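K.L.:
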Amino acid sequence: MNCKTILTSVSMFVLLYTHAQQTNAPKFGKGIFNLVGKDSTWSMNMGARMQFLATAEWDSNKDGLYNPTSSMLVRRARLKFKGFAFSPKLKYKMELGLSNRDISGASEHTGNAPRYILDAVLKWNFHQNFELWFGQTKLPGNRERVISSANMQLVDRSLLNKRFNIDRDMGIQLRHHFNLSDTFIVREALAFSQGEGRNVTVGNLGGHQYTAHLELLPFGKFEGKGDYIGGDLKREQTPKLAIGMSYDFNNNAVKTRSNQGTYMVNDEGYYQTDISTFFMDAMFKYKGFSFMGEYSYRDAKDPIAKNSDGTLTGEIVQVGSGLNLQSGYLFAKNWEVSGRFTNISLDKNITGKGTENQYTIGLSKYIVGHKLKVQTDISYLDIAAATNQLMYRLQVDIHL
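Count the sequence shown with mature numbering (1 follows the signal peptide of the UniProt record, and there is no 0) and you get residues -20 to -1, 1 to 380, in order.
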């Protein structure tokens, strides 16, 4: 951003902050300001959050640790806007990323522009329990990805999410929920999307992407939407369980991980193949104890990218499976100890990659819930037929 843009942005926020002080400034963690139109036909809540991350890594073998590396960075810096327009039944959400990690990935596919926009979506409650979403936002895939990066139990998401998630895309989603009994809730979601990932400006390159999601909550709703928040900060007084299943089909996908990964370029433009991804997950919470489990599986019609004459391009769809098991307990004064085991088993005959097992132990201090917290964890990554790795991380998170 140039100096003029920065000065304009700073001036705007000073004016908004001043107005918020004079009118309706929320308490800490609930946004910078709340605005409601005089005729109550619109509203806006604006929030900001930052994550500061320090990481140290070592390669490891039977002789000990070596090749130490370290880094410190602003992992995430974001602005969030939400509210309703014209009617409370028409809601909107916009989230912008400002850190280098947030906006990275500029290419000819994004108009050679930084990827500032994370979410830009309208949500229309057009009939009873039906909602129609339109715009760019997270697809209804694995639970860990749908959980906000501001609400994670450990410093960051698992290797399963890194290898298999279907992230954000531009499209339409239909969502619905109903009760089987007084406590048993069923949620369904269907999504039709472009299939290329977020902030793509060149349009659809292969086919489109189709996602279906089913979720069961046999013991009723979690307190404070805790089924999509890491840790049991609400200390559920009765057992709560959520079980989810998702199936995603990307027709003629051109990337190595469905709508994620690298483009499979060949002599005709892009190599295309059908990619399917299956997720199954569960979240359980009770009196400070929490458990989350996820399983994922990806397959492709023809995972090895080729040119028109049959020669190989070198790109391969990352087919295989992943398992993630994560648990924690919240002690008095909001200290939490957590642990995670992740297994990644890509098809070695196709990808050439061996099995990965990662073991993580974490410690969190929730000062104001997930809105202000300090988290640290240590992970050991065991890689078949390769050098193992040890990683230590420390992160501070603040959400206004």
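Note that beta-carbon positions come from the ideal geometry of N, C-alpha and C, so glycine has one too. Quantities reported herein were computed from a predicted structural model and do not represent experimental measurements.
Within 10 Å of its beta-carbon, does residue 1 have 16 or more other beta-carbons around it, so buried, or fewer, so exposed?
P.N.:
Confidence at residue 1 is low in this model, with a pLDDT of 46, below 50, so its placement is unreliable and no value can be given for it.
K.L.:
How long is the line joining the alpha carbons of residue 286 and residue 364, rounded to whole angstroms?
P.N.:
One C-alpha to the other measures close to 28 Å.
K.L.:
In the DSSP assignment, what residue or residues form a beta bridge with residue 77?
P.N.:
DSSP, once it has assigned bridges, lists 58 as partnering residue 77.
K.L.:
For the beta strand (DSSP E) containing residue 274, name the first residue and the last one.
P.N.:
First-last of the beta strand (DSSP E) with residue 274: 269 to 280.
K.L.:
In the DSSP output, which residue or residues are listed as bridge partners for residue 250?
P.N.:
Note: residue 250 sits in a beta bridge opposite 245.
K.L.:
Counting C-beta neighbours from all protein chains within 10 Å, is the total for residue 26 16 or more, i.e. buried, or is it exposed?
P.N.:
Result: buried.
K.L.:
Quick check on DSSP: helix, strand or coil for residue 89?
P.N.:
If DSSP states are grouped into helix, strand and coil, residue 89 belongs with the helices.
K.L.:
What residues are listed by DSSP as bridge partners for residue 118?
P.N.:
The partner list for residue 118 (beta bridge, DSSP) reads 148.
K.L.:
Under a Cβ-count criterion, where at least 16 other Cβ atoms within 10 Å of its own Cβ denotes burial, should residue 33 be classed as buried or exposed?
P.N.:
With 16 or more Cβ atoms within 10 Å of its Cβ, residue 33 is classed as buried.
K.L.:
If you drop the 5 nearest sequence neighbours on each side, which residues of the same chain put their C-beta closer than 6 Å to that of residue 378?
P.N.:
Within the same chain, residue 378 has close Cβ partners 30 and 352.
K.L.:
Can you tell me whether residue 193 is buried or exposed, with buried defined as 16 or more other CB within 10 angstroms of its CB?
P.N.:
It counts as buried.
K.L.:
Could you tell me which residues DSSP pairs with residue 361 in its beta bridges?
P.N.:
DSSP output for residue 361 lists 338 and 369 as bridge partner(s).
K.L.:
One question on the structure: do residue 101 and residue 110 come within less than 8 Å of each other, judged by their Cβ atoms?
P.N.:
Not a contact, by the Cβ cut-off of 8 Å.
K.L.:
Cα-Cα, which of 349, 256 and 327 is closest to residue 121?
P.N.:
Here the closest residue by C-alpha is 256.
K.L.:
Would you kindly work out how many angstroms separate the C-alpha atoms of residue 346 and residue 314, rounded to a whole number?
P.N.:
The straight-line gap from Cα to Cα measures roughly 5 Å.
K.L.:
Near residue 392, which residues of its chain fall below 6 Å by C-beta distance, leaving aside the five closest residues on each side in sequence?
P.N.:
Nothing can be reported for residue 392, as the shown portion of the chain is limited to -20 through 380.
K.L.:
By how many angstroms is the C-alpha of residue 282 removed from the C-alpha of residue 150?
P.N.:
Computed Cα separation, rounded: 25 Å.
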